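Participant:
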């Protein structure tokens, strides 16, 4: 214990090595006396730990299957992981192999769960790092989860596996490879981080993906366009509108070249650029791009598609910024018609239109109509989220001055 510096991990590891009869107590003492095992002290503690692990574990004595299993396990987080999930992940019956590795100290076992201590994990990554080919089965499993990275259901599922995705990300970032598997994984995971609000992690991975794509031969232009667009979305979220606009325009240029001017993906780019111009206060330019998007979407979508309602709403809000009441009312009415018929009058998205309409009526000095719309919006949000939800708090802030003005007028 003195040699081990009272380090609980090493005391437990030595005990397991002796119990499994891969070594004896006397052999352990001899290794310390002959400086094959080093006392846990001194400046370079990491090097000492790795030297001792190498002497204790004798990984070179393991067969190929056990070594491969350890490498695959090392890309997972250092948490207790249930055997059922591990066998699903590795697509094999591996409990006997895991039990063997636990008995000699390379894994720990608790009930039907297994865990790799972070010291073992770091040793494997530093001295026998896994290759992409060796961990491909793990990467592929999680790549399928994040593949549709803008889909709400995929985002929800990815959040459940976030601790695994973070661990795999760290391994993949250390690999020397540069291929489609890696840059696609980074791009999709970056988009997941964007949707859950971890913008700096999103930027790290999206830029890494972009860098790898720029050095790849045969990269598909539309893949590059998607990466540009996703970077634009992240920069928009952190209010770096200049960079966001730059990436949106890069994506638009590729989509126009590859798909033509009438494609739905082009309309998506137009819409994003329109939003950026509105945020920048360039409302005329914003309307120009929204109208380009609308021209395409009205050709491709059903007249009651909620995506059309979103675009009508964007146009209405832009007209509102220009104090164009007629244009605002016209597009709010179109958005409301679609949402009431496609989503229903009690849907939260419909409630948002009622709230926006209230502000238009307020600007037009039609306070009774404004109050009626706000009250409808509040009732819907109450039913869905409760009275203290942030959307209702925003409504209350709108309701107070409208109510006061209406009461004074009567």
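Numbering (the numbering used here), first residue to last: 1 to 410. No residue lacks a Cβ here, since even glycine has one placed at the ideal position from N, Cα and C. Since this is a predicted model, take the numbers as computed values, not measurements.
Specify, as a first and last residue, the run of the beta strand (DSSP E) that residue 174 falls within.
Facilitator: Taken as a continuous stretch (DSSP letters only), residue 174 belongs to no beta strand (DSSP E), being part of the alpha helix (DSSP H) at 162-174.
Participant: Look at the alpha carbon of residue 143 and the alpha carbon of residue 307, and state the distance between them as a whole number of angstroms.
Facilitator: Here the alpha carbon of residue 143 sits roughly 28 Å from the alpha carbon of residue 307.
Participant: Please state whether the Cβ-Cβ distance between residue 374 and residue 358 is less than 9 Å.
Facilitator: yes
Participant: Report all residues from its chain with a CB closer than 6 Å to the CB of residue 23; omit the five preceding and five following residues, and keep chain order.
Facilitator: 17
Participant: For residue 63, name the three-state secondary structure that DSSP assigns.
Facilitator: coil
Participant: Evaluate contact between the stretch 231-250 and the stretch 268-279, counting only Cβ atoms and requiring at least three cross-stretch pairs below 8 Å.
Facilitator: yes
Participant: Taking the beta carbon of residue 20 as the centre, do at least 16 other beta carbons fall within 10 Å, making it buried, or is it exposed?
Facilitator: Taking a 10 Å sphere around the C-beta of residue 20, we find fewer than 16 other C-beta atoms and assign the residue as exposed.
Participant: For residue 309, which residues of its own chain have a beta-carbon under 6 Å away from its beta-carbon, when the five flanking residues on both sides are left out?
Facilitator: In its chain, beyond the 5 residues on either side, 335, 338, 339 have a beta carbon closer than 6 Å to the beta carbon of residue 309.
Participant: Tell me whether residue 314 is buried or exposed, calling it buried when 16 or more other Cβ atoms sit within 10 Å of its Cβ.
Facilitator: buried
Participant: Using the C-alpha atoms, what's the distance from residue 123 back to residue 204?
Facilitator: 26 Å
Participant: Output needed for residue 312: all residues of its chain with C-beta closer than 6 Å, excluding positions within five of it in sequence on either side, in chain order.
Facilitator: 331, 334, 335
Participant: For residue 303, count the other beta carbons within 10 Å of its own beta carbon; 16 or more makes it buried, fewer makes it exposed. Which is it?
Facilitator: exposed
Participant: Once the 5 residues before and after residue 213 are set aside, which same chain residues still bring their CB inside 8 Å of it?
Facilitator: 183, 219, 223, 224, 227
Participant: Decide if residue 85 is buried, meaning its Cβ has at least 16 other Cβ atoms within 10 Å, or exposed.
Facilitator: exposed
Participant: Is residue 181 helix, strand or coil by DSSP?
Facilitator: Taken through DSSP and simplified to helix, strand or coil, residue 181 comes out as helix.
Participant: For residue 114 and residue 107, which I take to be in contact (beta-carbon distance under 8 Å), what is that distance rounded to the nearest angstrom?
Facilitator: 5 Å
Participant: Within a Cβ cutoff of 6 Å, which residues of the same chain sit near residue 238, ignoring the five residues on either side of it in sequence?
Facilitator: If the five residues before and after residue 238 are omitted, its C-beta is found closer than 6 Å to the C-beta atoms of 199, all from its own chain and listed in chain order.
Participant: Flag this pair as touching only if the stretch 9-16 and the stretch 123-133 have three or more C-beta atom pairs under 8 Å; answer yes or no.
Facilitator: no
Participant: Relative to the alpha-carbon of residue 71, which residue among 116, 234, 266, 141 has its alpha-carbon at the smallest distance?
Facilitator: Nearest option by C-alpha distance: 116.
Participant: If contact is defined by three or more beta carbon pairs under 8 Å, each pair taking one atom from either stretch, is the stretch 73-84 in contact with the stretch 158-170?
Facilitator: yes
Participant: Taking the alpha carbon of residue 290 as the reference point, which residue from 324, 100, 267, 300 has its own alpha carbon closest?
Facilitator: 267
Participant: Note the first and the last residue of the continuous alpha helix (DSSP H) segment covering residue 216.
Facilitator: No alpha helix (DSSP H) contains residue 216, which DSSP labels as neither H nor E.
Participant: Would you list, in sequence order, the uninterrupted beta strand (DSSP E) runs of no fewer than 3 residues that lie entirely inside the stretch 55-134?
Facilitator: 108-110, 113-115
Participant: For residue 230, is the classification buried or exposed, using 16 other Cβ atoms within 10 angstroms of its Cβ as the cut-off for buried?
Facilitator: buried
Participant: So, is residue 404 buried or exposed, given that buried needs 16 or more other C-beta atoms within 10 angstroms?
Facilitator: Only weak support exists for where residue 404 lies, its pLDDT of 45 falling under 50; the coordinates are left without a value.
Participant: If I'm right that residue 97 touches residue 66 with Cβ under 8 Å, what's the distance once you round it to whole angstroms?
Facilitator: 6 Å
Participant: Looking only at its own chain, which residues have a Cβ that is under 7 Å from the Cβ of residue 406, when we skip the five neighbours before and after it?
Facilitator: Reliability of the predicted coordinates at residue 406 is poor, the pLDDT of 49 falling under 50, and the value obtained from them is presented with this limitation in mind. Taking residue 406 as the centre and dropping the five residues before and after it, the same chain places the C-beta of 367, 368, 371 closer than 7 Å to its C-beta, in chain order.
Participant: When you compare each of 194, 120, 216 to residue 10 by their alpha carbons, which one comes out closest?
Facilitator: 120
Participant: Give the C-beta separation of residue 277 and residue 265 to the nearest angstrom, bearing in mind that I take them to be a contact with Cβ-Cβ under 8 Å.
Facilitator: No, residue 277 and residue 265 are not in contact; Cβ-Cβ is about 19 Å, not under 8 Å.
Participant: Straight-line CA distance for residue 376 to residue 256?
Facilitator: 42 Å
Participant: Would you mind sorting residue 345 into buried or exposed? The rule is 16 or more other CB atoms within 10 Å of its CB.
Facilitator: Exposed is the label assigned to residue 345, since fewer than 16 other Cβ atoms lie within 10 Å of its Cβ.
Participant: Which residues mark the beginning and the end of the alpha helix (DSSP H) in which residue 286 is found?
Facilitator: 283-300
Participant: Can you tell which of 381, 75, 68 has the C-alpha that lies nearest to the C-alpha of residue 94?
Facilitator: 68
Participant: Give the DSSP-derived three-state secondary structure of residue 22 in the structure shown.
Facilitator: coil
Participant: Am I right that residue 186 and residue 208 are in contact with their C-beta atoms under 8 Å? What's the rounded C-beta distance?
Facilitator: 5 Å
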